[in-house]
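Right, one structure below, let's go through it.
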Amino acid sequence: MAHETIQSEVRGGVALLTLNRPEVLNSFNRAMARELQAALDGVAGSAEVRAVVLTGAGRAFCAGQDLAEVVPPDGSRGPDVADLIAEGYNPLVLRLAGLEKPVVCAVNGVAAGAGANLALACDLVLAAKSASFLQAFVNIGLVPDSGGTFFLPRLVGLARAKALAMLGERISAEQALAFGMIHAVHEPEKLMPEAEALATRLAQMPTLALGLIKRALHASLDATLESQLELERTLQAIASKSYDYHEGVKAFQEKREPKFSGR
Ligand code: LHQ
4 MAHETIQSEV RGGVALLTLN RPEVLNSFNR AMARELQAAL DGVAGSAEVR
54 AVVLTGAGRA FCAGQDLAEV VPPDGSRGPD VADLIAEGYN PLVLRLAGLE
104 KPVVCAVNGV AAGAGANLAL ACDLVLAAKS ASFLQAFVNI GLVPDSGGTF
154 FLPRLVGLAR AKALAMLGER ISAEQALAFG MIHAVHEPEK LMPEAEALAT
204 RLAQMPTLAL GLIKRALHAS LDATLESQLE LERTLQAIAS KSYDYHEGVK
254 AFQEKREPKF SGR
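Residues 4 to 266 (my numbering) are what the sequence shown spells out, left to right.
Below, the structure is given as structure tokens:
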């Protein structure tokens, strides 16, 4: 499917999705939110795609909402903010978190506002050393959205989440790593090779199990121990009926490398 605001290509079982409005730091307009949703739906429905990389074109990852769309410089009325969230950001976050395939986010530059929080909704977040994160919302009188108030306290703890959300300061990739917000930091020129290698590795793993692992970990965020134990049992029943479980055990017993298929 052809897109105007994102690029999408599939290689070796990996879908590479690139936010592509570099002249406005890949900030989101309605078209980009719509096209990214459609691309994620395509990924969800594709048997060929077993992992995803999400990144940005140019020097930024994503500067959040395109502010010229919500407050047009010509003084005309912009779209309703609550509608933008309902139609754009919320479905995007739910698609990223609900996709039962691993999503690697390669944060190639600044990730601000909704851009930062979409990155946090991904599974394994890598960042260039030159990248940065900021909860820009408060700087323009807004509240973090796109799941920021859900993921941030769970990732970094309440004290740091409050400081990040209330102060709206830019933090470095290294600081985000030290906070436990992201998985790894790489030299800028190594970011995409590392992200693609990681996604390719994930795509060759038992991806059905990876999807179930993701489901279980997300469910744990608001579960009781009892309900989580029951969910683990249910998911293990599914995983243990997979081709990959039998292949994994057989390969172990035959002392050879397994060849997983995602089934
Ligand atoms: C931009 C933007 C941008 C348009 C840079 N829009 N042009 C949901 C629903 C509804 C309403 C509101 O929001 C939301 C969710 C949100 O995401 S709210 C948060 C929105 N984002 C921001 O407030 C971030 C605004 N941008 C910045 O603070 C800075 O640009 C950052 C820190 C991202 C980058 O700073 P610099 O590296 O110094 O770049 P810059 O400021 O010079 O920007 C470069 C260009 O990109 C510039 O255009 P120009 O024509 O002067 O070169 C900016 O105007 C444009 N740009 N962000 N969000």
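All C-beta atoms, glycine included, are put in the ideal place defined by N, C-alpha and C. On a predicted model such as this, the values are computed, not experimentally measured, just so you know.
Setting aside the 5 residues that flank it on each side, V73 is surrounded in the same chain by G81, P82, V84, L87, each with a C-beta closer than 8 Å to its C-beta; the list follows chain order. Residue side-chain check: R173 places its Cβ nearer than 7 Å to a non-hydrogen atom of the ligand LHQ. Under the three-pair Cβ rule at 8 Å, the stretch 62 to 71 counts as touching the stretch 109 to 127. A residue is called buried when at least 16 other Cβ atoms come within 10 angstroms of its Cβ; S243 does not meet this threshold and is exposed.
When distances are taken from the beta-carbon of N23 to the heavy atoms of the ligand LHQ, even the shortest one reaches 7 Å or more.
DSSP places S135 inside the beta strand (DSSP E), whose first and last residues are 135 to 137.
Contact between M208 and F263 holds: CB atoms are separated by about 6 Å, below the 8 Å threshold. Beta-bridge pairing by DSSP links L180 to no other residue. The way I'd put it, the stretch 138 to 157 doesn't touch the stretch 193 to 205; fewer than three beta-carbon pairs between them come closer than 8 Å. Linking L238 to H249 through their CA atoms gives a straight-line distance of about 16 Å. Linking N23 to E90 through their CA atoms gives a straight-line distance of about 20 Å.
V13 has A18 as its beta-bridge partners, per DSSP. Looking from the CA of L215, the closest CA among V56, L102, S11 belongs to L102.
Comparing C-alpha distances from H6 to each of L39, A131, S149 shows the shortest one belongs to L39. Here V52 is actually not in contact with L20; their C-beta atoms are around 10 Å apart, not less than 8 Å. In this structure, the beta-carbon distance from R173 to S133 does not fall below 8 Å.
With a cut-off of 7 Å, the C-beta of L170 is classified as distant from the ligand LHQ, since no heavy atom of the ligand falls inside that distance. Taking I241 as the centre and dropping the five residues before and after it, the same chain places the C-beta of L215 closer than 7 Å to its C-beta, in chain order. If you compare the alpha carbons of Q231, V252, A109 with that of D126, the shortest gap goes to A109. Apart from sequence neighbours up to five positions away, the residues of its chain that approach Q231 with a beta-carbon distance below 6 Å are S223, ordered along the chain. Taking 7 Å as the cut-off, one finds at least one heavy atom of the ligand LHQ near enough to the beta carbon of G116.
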